[in-house]
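Note that the protein sequences, when read in sequence, are chains A and B.
Take the first sequence: its letters are residues 1 to 382, numbered as in the numbering used here.
Take the second sequence: its letters are residues 1001 to 1382, numbered as in the numbering used here.
Comments concern the structure below.
2 protein chains.
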Amino acid sequence: MGAIQTIARPRARAKASETLVPATDVAPLDTILMADCIAAMRSLPAKSVDMVFADPPYNLQLGGELFRPDGSHVDAVTDDWDKFDTFAAYDAFTRAWMAEAHRVLKDHGTLWVIGSYHNIFRVGTAVQDLGFWILNDIVWRKANPMPNFRGTRFTNAHETLIWASKGEKAKYTFNYRAMKTLNDELQMRSDWEFPICGGQERLKKAGQKVHPTQKPEALLYRILLACTKPGDVVLDPFFGTGTTGAVAKRLKRHWIGIEREPGYCAAAAERIEAALPLDESALATMMSPRQQPKVPFGKLVEIGYLAPGAVLVDDKRRFRAVVRADGSLASPCGLTGSIHKLGSLLRQSPACNGWTFWHHEEQGALKPIDTLRQTYILATQP
Amino acid sequence: MGAIQTIARPRARAKASETLVPATDVAPLDTILMADCIAAMRSLPAKSVDMVFADPPYNLQLGGELFRPDGSHVDAVTDDWDKFDTFAAYDAFTRAWMAEAHRVLKDHGTLWVIGSYHNIFRVGTAVQDLGFWILNDIVWRKANPMPNFRGTRFTNAHETLIWASKGEKAKYTFNYRAMKTLNDELQMRSDWEFPICGGQERLKKAGQKVHPTQKPEALLYRILLACTKPGDVVLDPFFGTGTTGAVAKRLKRHWIGIEREPGYCAAAAERIEAALPLDESALATMMSPRQQPKVPFGKLVEIGYLAPGAVLVDDKRRFRAVVRADGSLASPCGLTGSIHKLGSLLRQSPACNGWTFWHHEEQGALKPIDTLRQTYILATQP
DNA sequence: AATGGCGGTGAATCCAGGG
DNA sequence: GCCCTGGATTCACCGCCAT
């Protein structure tokens, strides 16, 4: 693993590359190029890297300030690097860096890009228009997303990644066995769950986060493990605080980072210097064992296990309630609420497990609605 | 719910609409229009529907169908088709139907589109370019996806939906409380899990599935419950076997379906005819507190729930205020104002819900004054 | 030493209605 | 249009500190 080298400008050849540069020289491995990403990419030889991982600006287009219900302020992404005047400007920027990514990639290399609904559709369109061939889109389900404080939309609980080869017929690396092993001998799916980056992993300086959008290492770990081999070269043109570099070093892949902000470069260099090969316990956390799925009662209504209007009773038939369209219950006396809430109201107890309290008639017998939940879990778990 | 009416062509006015048609007439409700989708949409009056749900063709590269910008079918699709031409044709088709969707939607209506990585990025770009404002992208996680048999990629286990309003400032319907209830009192997230459509729900004829991509009713159920009100009109320009219509009928929403294939139209008509609407009590959903009668704080003082001079504090007893005769509060530091105003002043936040911020002593315990309001509402409701 | 309460916070396109 | 005001609105995780 080469030393970390921070340079102030891309190499002098950058300008000449606008004409035609023979791809004879070698890319500077395990190095941060402190420069504008498009100029720096132009300085790299064609067909020299095995993967490009890109976490470009999302063009969030945020409005005013946002406050939590308790009155505290939400620290939003307001950095200048995320601001674009128009979609056209964003598209031009996207196509410029992505065209360079296509040039720099080896024929058997692949591109990964991450984004949110603000930008990912434009990114994906550019991916296709530039001749890349999409292999999968991947959903990063956040275990702990920020809620929607005003109750105006669905909680924005995921981000999207695109994985693409250089063309329809292009070969690419996919370590199928490694992914299947990582996923308890089941094929790895296109939806991945990870917590957002926080705790010890989150880089901080004077109590402040160093970068507003630092990605979790687990995400990069899975990507690099799935789609590169040891010794491969990964280029990250939006290096930030160097998550890609840190994980690449741990997995014995080479990396090249491009980052304009000196502060991010310094943080990344220090972080990667300190990165060590993963020990077994850290590996285990990366494996993200799957947990028992939570099944809301409303789900059983949606999928038709219980129809709205169905009648539920307790085991002694003392209480009775009707299922409503949204999964709430209504009792004849006018009380309404969730299965748990209505159970506790009627029983006049502080808490109630609605799953075992409420029953429905099935072949002449009363069965707790929990059996429906178990049936559902059994039917949908592989 | 009107009878199902299958027509062979869109109404005669369709052609004239290419010039300028005053939007005076009414859309044909609860009807299948057997016609090309763009032509049929042109026959509908402007600003006449509350939601457009669209499940357009997923694109072409799998040897499927190709459309010209006017929506007509292109027969000879060969492997030699230039990709750019293919994408350009699909984009033109997408923008054509989507522009009609924008025209047909009421100002407070919303658009839903579903797709996979083959087409969703182009669809999303069109959504933004046409001036729609994306509210969420939603991931449908398939509980039981088809495995990747060759082990060459990640299991393609999800599809993506886009939910958009007509513009950045446009209002829209979102039944927040119903969604929260449906999800066991947690905010509904942007990742939804449903099984793919199969079993009894899957329409079959002579052992063959009637439609290759029939969507599960649970998916439409959640969408319609979340983003429409009873009596609203939902237009589905790619009606297929009528999942949208069947669920709309069950939930007492009006629907309009456009479908070109007679076989699909017949299956949809039969299916919707058999669907049963929910009765009123089952259709009821948990309402937002907003829809409760408004009770001014001063009312509680007037009727003696709280006497002038009573002392209120916040939950941590950091702040303290005295109730005055007119229902305003006065703090010891001299500040005065409504329960909301004084709360925001003292907490130094831009807004504050005084009903939950302020507490009063009741049997030795602090209780939010909102409980008094709830008591009052319960006591005065018929 | 465990445990539990409390506070902080994260890529967020985050209000509605009346005067 | 604008301004003002009423009042609706949060989940999982991490770390600190008190018990």
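Yeah, the Cβ is synthetic: ideal placement off N, Cα and C, and Gly gets one too.
Neighbourhood of residue i by C-beta, 8 Å cutoff - its chain only, sequence neighbours within 5 removed
i                 : result
alanine 1310(B)   : Val1322, Val1323 and His1360
leucine 1378(B)   : none
methionine 287(A) : At methionine 287(A) the pLDDT is 48, less than 50, meaning the model places this residue with poor confidence and gives no usable figure here.
serine 281(A)     : Because the pLDDT of serine 281(A) is 43, which lies under 50, any placement of that residue in the model is unreliable, and the question is left without a value.
valine 1127(B)    : Met1098, Leu1111, Val1113, Ile1134, Ile1162 and Ala1164
tyrosine 376(A)   : Val295, Lys299, Leu300, Ile303 and Tyr305
One or two residues paired with residue i in a DSSP bridge
i                    : result
asparagine 183(A)    : Answer by DSSP bridge pairing: none, since asparagine 183(A) is not bridged.
phenylalanine 238(A) : BP columns for phenylalanine 238(A) are empty, so no partner.
tryptophan 1112(B)   : Phe1053(B) and Trp1163(B)
lysine 249(A)        : Answer is none; lysine 249(A) lacks a bridge partner.
isoleucine 138(A)    : Leu161(A)
valine 1322(B)       : Val1311(B) and Ala1330(B)
isoleucine 1256(B)   : Thr1031(B) and Leu1235(B)
glutamine 1208(B)    : Lys1205(B)
histidine 1359(B)    : Val1313(B) and Pro1368(B)
aspartate 1191(B)    : Val1139(B)
Short Cβ contact (8 Å threshold) for residue i with residue j
i                     : j                     : result
aspartate 1191(B)     : histidine 158(A)      : yes
threonine 1160(B)     : arginine 189(A)       : no
alanine 1027(B)       : phenylalanine 1238(B) : no
phenylalanine 1247(B) : aspartate 1050(B)     : According to the sequence provided, residue 1247(B) is valine. The question's phenylalanine does not apply to it. Taking 8 Å as the Cβ cut-off, valine 1247(B) and aspartate 1050(B) do not qualify as a contacting pair.
leucine 1182(B)       : glycine 327(A)        : yes
tyrosine 172(A)       : threonine 110(A)      : yes
tyrosine 1117(B)      : aspartate 137(A)      : yes
valine 400(A)         : valine 1123(B)        : Not covered by the structure: residue 400(A). The range shown for chain A is 1 to 382.
histidine 254(A)      : leucine 105(A)        : no
lysine 1166(B)        : histidine 1102(B)     : yes
arginine 373(A)       : valine 295(A)         : yes
serine 1338(B)        : glycine 1354(B)       : yes
threonine 1129(B)     : phenylalanine 67(A)   : Rather than threonine, the amino acid found at residue 1129(B) in this sequence is aspartate. The answer is no: Cβ separation not under 8 Å.
alanine 143(A)        : leucine 203(A)        : no
leucine 225(A)        : alanine 275(A)        : no
proline 212(A)        : valine 77(A)          : yes
Residues near residue i in its chain [Cβ-Cβ closer than 6 Å; skip 5 each side]
i                  : result
leucine 306(A)     : Leu300 and Val323
leucine 1366(B)    : His1359
proline 56(A)      : Phe238
isoleucine 1258(B) : Leu1033, Cys1037, Ala1040, Pro1237 and Phe1239
histidine 1340(B)  : Cys1352 and Gly1354
asparagine 148(A)  : Thr155
threonine 24(A)    : Low local confidence applies: a pLDDT of 49 at threonine 24(A) is under 50, so the model's placement there is unreliable, with the coordinate-based value given in what follows. Hits under 6 Å: none found.
Proximal chain B residues relative to residue i, where beta-carbon distance stays under 8 Å
i                   : result
phenylalanine 87(A) : Gln1128 and Asp1129
asparagine 148(A)   : Gln1187
valine 323(A)       : Ala1282
glutamate 302(A)    : Leu1182, Phe1194, Ala1218, Tyr1221 and Arg1222
threonine 380(A)    : Ala1143, Asn1144, Glu1193 and Pro1195
alanine 330(A)      : Ser1281 and Ala1284
Neighbouring residues, chain B, relative to residue i (Cβ below 7 Å)
i                : result
aspartate 326(A) : Ala1178, Thr1181, Leu1182, Leu1225, Thr1285 and Met1286
proline 296(A)   : Leu1182, Asn1183 and Asp1184
Own chain partners of residue i with C-beta closer than 7 Å, once the 5 adjacent residues on each side are dropped
i                    : result
tryptophan 1081(B)   : The predicted position of tryptophan 1081(B) is uncertain, since its pLDDT is 47 and thus under 50; a value taken from the coordinates is nonetheless stated next. Same-chain partners within the cutoff: there are none.
cysteine 197(A)      : Gln214, Lys215 and Pro216
threonine 1243(B)    : Gln1214, Lys1215, Glu1217 and Leu1220
phenylalanine 357(A) : Asp314 and Gly343
8 Å Cβ cut-off: residues of chain A touching residue i
i                : result
cysteine 1197(B) : Within chain A, no residue comes near cysteine 1197(B); the closest Cβ sits about 10 Å away, beyond 8 Å.
tyrosine 1117(B) : Gly124, Ile134, Asn136, Asp137 and Ile162
alanine 1351(B)  : Phe67 and Gly71
leucine 1251(B)  : Ala325
Within chain A, the residues that residue i reaches when beta carbons sit closer than 7 Å
i                     : result
aspartate 1279(B)     : Gly309
arginine 1095(B)      : Simply none; closest approach about 12 Å.
threonine 1243(B)     : Under the 7 Å cutoff, chain A gives no residues; its nearest Cβ is about 13 Å from threonine 1243(B).
glycine 1151(B)       : Tyr176
leucine 1105(B)       : By Cβ distance, chain A contributes nothing, its closest Cβ being about 18 Å from leucine 1105(B), past 7 Å.
phenylalanine 1319(B) : Ordered by position in chain A, no residue passes the 7 Å Cβ test against phenylalanine 1319(B), which lies about 12 Å from the chain.
Contacts that residue i makes with chain B (C-beta to C-beta distance below 9 Å)
i                    : result
glycine 109(A)       : By Cβ distance, chain B contributes nothing, its closest Cβ being about 16 Å from glycine 109(A), past 9 Å.
phenylalanine 121(A) : Ile1120, Phe1121, Arg1122, Val1123, Gly1124, Thr1125, Ala1126, Val1127, Gln1128, Ile1134, Asp1137 and Ile1162
proline 57(A)        : Near proline 57(A) there are no residues of chain B at all, since even the closest Cβ is about 16 Å away, more than 9 Å.
> Using a beta-carbon distance cut-off of less than 8 Å, what residues from the segment 129-145 of chain A approach chain B?
Replying inline: Listed by position, the residues of the segment 129-145 of chain A near chain B (Cβ gap below 8 Å) are Asp129, Gly131, Ile134, Leu135, Asn136, Asp137, Ile138, Val139, Arg141 and Pro145.
> What residues from the segment 1332-1348 of chain B come within 7 Å of chain A, judged by C-beta to C-beta, listed N to C?
Replying inline: Within the segment 1332-1348 of chain B, the residues whose Cβ lies closer than 7 Å to some Cβ of chain A are Arg1347, listed in chain order.
> What residues in the segment 179-191 of chain A bring their beta carbon closer than 9 Å to a beta carbon of chain B?
Replying inline: Identification of residues in the segment 179-191 of chain A having a C-beta nearer than 9 Å to some C-beta of chain B yields Met179, Lys180, Leu186, Gln187, Met188, Arg189, Ser190 and Asp191, given in sequence order.
>> So if I threshold CB-CB distances at 7 Å, which residues from the segment 156-171 of chain A count as touching chain B?
In response: Listed in sequence order: Asn156, Ala157 and His158.
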